[in-house]
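Here is the structure we will look at.
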Amino acid sequence: NAGVTQTPKFQVLKTGQSMTLQCAQDMNHNSMYWYRQDPGMGLRLIYYSASEGTTDKGEVPNGYNVSRLNKREFSLRLESAAPSQTSVYFCASSPETGRPYEQYFGPGTRLTVT
Amino acid sequence: GENVEQHPSTLSVQEGDSAVIKCTYSDSASNYFPWYKQELGKRPQLIIDIRSNVGEKKDQRIAVTLNKTAKHFSLHITETQPEDSAVYFCAASPPGSYQLTFGKGTKLSVIP
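Those sequence lines, one after another, are chains E and U. Under this note's numbering, the first residue of the first sequence carries the number 1, and numbering increases by one thereafter. Under this note's numbering, the first residue of the second sequence carries the number 1, and numbering increases by one thereafter.
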């Protein structure tokens with residue numbers, strides 16, 4: 001049981017390049033989330049998906065798109081990377097029943113945009 | 001939307017002392033308040049949480065208190081140990097949503 005996995009672990013992009021961050025969970029969770037973490041700013045929600053086939057904007061969605069490919073996978077795409085998107089990106093998931101508020105985080109992707 | 005303020009941003013304590021971190025929230029309808037611990041280079045992990053129908057919850061050396069009237073909640077760590085050194089985040093969630101709004105974090109250093 002791997003929990004929440006993210007790829008890649010590290011990435012360096014040039015301004016204007018595009019890339020997709022991948023996230024997968026094997027816990028049969030309904031909800032999935034993408035956060036960015038910047039020094040002194042805490043964790044800010046970019047997008048979330050309450051269930052397969054639905055996505056909604058969070059606090060800081062500009063410059064990002066997401067796809068909930070199936071129940072397991074939730075990807076985050078940067079179409080034209082900017083230096084302001086340099087950050088650590090965390091994916092998380094939470095179950096539908098039991099403890100739906102408890103979010104399980106992936107290991108993170110450290111992205112640098114030059 | 002919800003806004004969560006967290007204080008202090010850094011906290012240093014001697015090993016064995018207690019540490020207290022405080023958070024305030026803006027949406028009086030919020031009803032779930034978790035605390036996450038993030039060790040250096042690691043992912044955030046839930047350490048304790050409290051629902052709005054409870055005033056206090058304890059788990060060994062960790063406790064959380066909630067004052068709904070004042071819209072603030074606090075994390076208390078007693079008998080601190082070096083392994084408690086980490087960044088701690090509070091969060092709040094409104095009813096009907098599983099989204100979390102996080103505070104900006106408190107870096108706790110426990111000095112041996």
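Glycine included, C-beta positions come from ideal geometry on N, C-alpha and C.
Check, Outcome
"Excluding the 5 residues flanking U:H72 on each side, which residues of the same chain have their C-beta closer than 7 Å to its C-beta?", "K22, C23, T24"
"Just the Cα atoms here: how many angstroms apart are U:T78 and U:Q60?", "9 Å"
"Indicate whether at least one CB of chain E lies closer than 7 Å to the CB of U:L46.", "yes"
"Contact between the region 32–42 of chain E and the region 79–99 of chain E: three or more CB pairs below 8 Å?", "yes"
"So, does the CB of U:Y32 fall closer than 7 Å to a CB anywhere in chain E?", "yes"
"Chain U beta carbons: is any one of them nearer than 7 Å to that of E:S80?", "no"
"Give, in chain order, every residue of the region 72–102 of chain E whose Cβ lies closer than 7 Å to some Cβ of chain A.", "Among the protein chains of the structure shown, namely E and U, there is no chain A."
"Tell me, please, whether the CB atom of U:F102 is closer than 7 Å to any CB atom in chain E?", "yes"
"Are three or more beta carbon pairs between the region 90–97 of chain U and the region 18–31 of chain E nearer than 8 Å?", "no"
"I want to see whether chain U comes within less than 7 Å of E:G53, judged by CB atoms only; does it?", "no"
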